[in-house]
Amino acid sequence: MARFRSAIKSNLRFYAIAGVLLISFLIYVAVQEQMTGSKLLGFAICLSNTWGLTLYVLLLGYGLVEVPRSFWYESSLAKTLEFIYYKAAETHDGMELAADDLASIQTLTKGISRRLSNNYPYRRQLSMIEERLQVLEHVDLKMDGNLSDFSETALATELDDVKEPSLSQLVKLNKHVRRTIRKYFRLRDTMQDTAERGAWIESVIRRGQQPLPTLFSRGLSDVMPGLNLRWMLYCRQPVYRSIAFVLGGASLLMIWAQLTIPARMVSPMFAIYQAVNQSDSLVQIALIPPLTYLCGCAFWSMFQLQLFDYYLMDNKRRTGEVSLLFNGTYLLRIFAPIGFNFVSMLVDDDDATAFGRVMGDMEVVPFFGSAFNSYLPILISIFSLCTFFNVYYRLLKFLGIEQFSYSTTNDQDRLEEGKKHVAAFTSSVRDEMVDTFL
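Be aware that the sequence shown starts at 0, since it is given in numbering that gives the first Met the number 0, and climbs by one per residue.
Printed below as a string of structure tokens:
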């Protein structure tokens with residue numbers, strides 16, 4: 000109950016400040032533009048649409064290139080295995096840092112516990128933190144705390160200097176411990192999955208260098224494994240590359256349609272709509288695929304977003320609640336702008352549709368106006384070109400941030416390190432099961 004009250008208090012403070020600022024801004028705009036109540040509501044809707052459209056343009060510019068390119072790169076088993084080795088090395092480094100953080104915190108809490116007086120009022124809270132740290136007994140990596148990032152934080156310095164930590168300091172420490180424990184076990188599970196996938200692809204590559212038996216040489220039980228092996232060795236690459244070509248053509252079509260919003264007569268989406276608009280069924284059949292592709296590219300880009308350990312989407316129920324809430328919130332925020340932008344590609348007048356009338360007139364937005372919806376999508380082509388020519392990768396490399404690249408040669412020492420981690424995390428039993436399956 001105390002945690003609930005604390006969460007309500009902290010969130011109420013934030014939203015109260017944000018609400019006051021937003022209301023002040025709306026009052027200022029209403030006075031300056033002499034808006035009535037209905038126009039003010041329309042302005043608020045358009046302002047939200049402007050923000051969502053900006054986010055949508057950023058996401059779509061990346062997704063229109065990376066979605067088809069990911070199929071092209073995934074068609075190569077050798078490149079896929081390289082990526083797995085690189086991911087294994089990165090994941091193992093994260094595991095070491097998380098384990099070292101926990102070891103450093105355990106040493107710190109033991110020191111605090113030894114110097115506490117008998118009448119320390121928050122001993123129960125400290126004991127809860129110590130109980131959480133018993134998870135180190137199940138940590139595979141035995142660390143000494145020398146690599147810990149936690150020892151360099153302001154909280155660690157405060158706890159080192161103070162004789163008896165306050166309740167707020169213990170709350171911060173407990174929050175850090177819980178987050179680090181969750182991070183460690185998430186990375187450990189990811190490492191295990193990565194190692195298993197790496198061992199599987201290694202086995203496929205090895206079997207591809209040997210003559211394959213016939214499908215029915217060992218009976219019907221080996222038909223499906225044999226088909227799976229032939230799919231991986233002979234069919235996967237041409238199928239994935241064909242999908243990449245189709246999606247690449249769809250991306251070019253979408254970029255063309257975005258660039259021609261101000262001149263819809265040469266827009267392919269406008270031509271498709273004009274050809275089928277006599278029938279509602281044909282409109283749905285013709286327009287649902289491109290709308291689905293636009294949504295898929297934007298959503299895929301959002302799910303790839305990772306800011307340190309925040310906003311990361313992971314499988315097998317390993318995604319944190321903050322990441323789920325973030326992605327869910329922003330998915331809802333860009334749904335309406337996606338529809339608004341899609342309608343703009345189809346019709347000359349946004350007010351010609353019920354959806355356009357609900358979204359409001361963009362002209363009421365100061366500075367941006369109606370031209371925002373027409374010309375901002377042009378930026379999609381710029382972001383797509385930056386993605387296509389690996390500008391983001393080159394920028395990160397210039398800043399000293401190493402990233403895996405499918406199109407260039409990666410650090411061989413890093414790949415060898417990842418290969419060793421894959422071998423270490425893959426048991427001999429698992430290897431035997433993979434070879435038997437294949």
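C-beta atoms are modelled at their ideal positions from N, C-alpha and C, and glycine is treated no differently.
Can you tell me which of the options puts its alpha carbon nearest to the alpha carbon of residue i?
i: F382; options: R413, I254 and G247; result: I254
i: Q305; options: G18, V275, F424 and L323; result: L323
i: F82; options: G417, A423 and P267; result: G417
i: G110; options: P267, V176 and L158; result: L158
i: S75; options: M231, N340 and K396; result: M231
i: L186; options: K171, T90 and L211; result: T90
i: G295; options: Y310, V66, A274 and P210; result: V66
i: A249; options: N48, L46 and L63; result: L63
i: P267; options: I284, W299, D279 and L251; result: L251
i: C183; options: D347, K78 and R317; result: A small correction: the amino acid at residue 183 is Tyr; Cys does not occupy that position in the sequence shown. Nearest of D347, K78 and R317 to Y183, Cα basis: R317.
i: P336; options: L59, I22, A15 and S23; result: L59
i: R114; options: A297, W50, P164 and V321; result: P164
i: K162; options: P210, Q191, S112 and R196; result: S112
i: T407; options: F388, S300 and I333; result: F388
i: T108; options: K78, L20, T156 and A77; result: T156
i: R332; options: L46, A262, I26 and L96; result: L46
i: K315; options: E95, I180, D188 and E129; result: D188
i: L293; options: G399, L246 and L20; result: L246
i: W50; options: L394, L384, L375 and D412; result: L375
i: M52; options: A285, F334 and K419; result: Reading the sequence as shown, one finds Leu at residue 52 and not Met. Comparing Cα positions, the closest option is F334.
i: A423; options: G399, V238 and G197; result: G197
i: Y239; options: Y119, T79, L20 and Y61; result: T79
i: Q236; options: Q105, A77 and N276; result: A77
i: G319; options: R178, E130 and A102; result: R178
i: D347; options: K396, L281, F269 and I287; result: F269
i: M190; options: I16, A15, K86 and T328; result: K86
i: F244; options: I26, V19, G18 and R68; result: R68
i: R151; options: E130, L169, L96 and V170; result: Contrary to the premise, residue 151 reads as Glu rather than Arg in this sequence. Measuring from the Cα of E151, the nearest candidate turns out to be L96.
i: V170; options: I180, R181 and L154; result: L154
i: E129; options: D160, T328 and I180; result: I180
For the alpha helix (DSSP H) containing residue i, list its first residue and its last residue.
i: Y85; result: L76 to R114
i: P210; result: Premise fails: P210 is in no alpha helix (DSSP H) and is neither H nor E.
i: G417; result: Q411 to F424
i: K396; result: V390 to F397
i: Y329; result: E320 to L345
i: M268; result: P267 to V275
i: P261; result: Here P261 belongs to no alpha helix (DSSP H), and DSSP marks it neither H nor E.
i: R229; result: V222 to R229
i: I381; result: I377 to F387
i: L293; result: D279 to Q303
Since residue i and residue j are thought to touch, with beta carbons under 8 Å apart, how far apart are those beta carbons, to the nearest angstrom?
i: S404; j: Y392; result: 6 Å
i: N173; j: M223; result: Not a contact, Cβ separation roughly 49 Å.
i: R492; j: L228; result: The displayed coordinates of the chain run from 0 to 437. Any statement about residue 492 would go beyond what the structure contains.
i: L345; j: Y272; result: 4 Å
i: A88; j: V138; result: Not confirmed; about 19 Å, so no contact.
i: Q124; j: L57; result: Contact doesn't hold; Cβ gap of about 43 Å is too wide.
i: D100; j: F149; result: 5 Å
i: Y55; j: N340; result: 7 Å
i: V421; j: A194; result: 5 Å
i: L132; j: V176; result: 7 Å
i: Y84; j: L414; result: 5 Å
i: S343; j: I260; result: 6 Å
i: M312; j: F298; result: With 8 Å as the limit, M312 and F298 do not qualify as a contact, their Cβ atoms being about 10 Å apart.
i: T386; j: Y61; result: 5 Å
i: E401; j: D410; result: 7 Å
i: I377; j: L258; result: 6 Å
Return the chain-ordered ranges of every alpha helix (DSSP H) run that is complete within the segment 119-178 and spans a minimum of 4 residues.
-> DSSP runs (the alpha helix (DSSP H)) wholly in the segment 119-178: 122-131 and 153-160.
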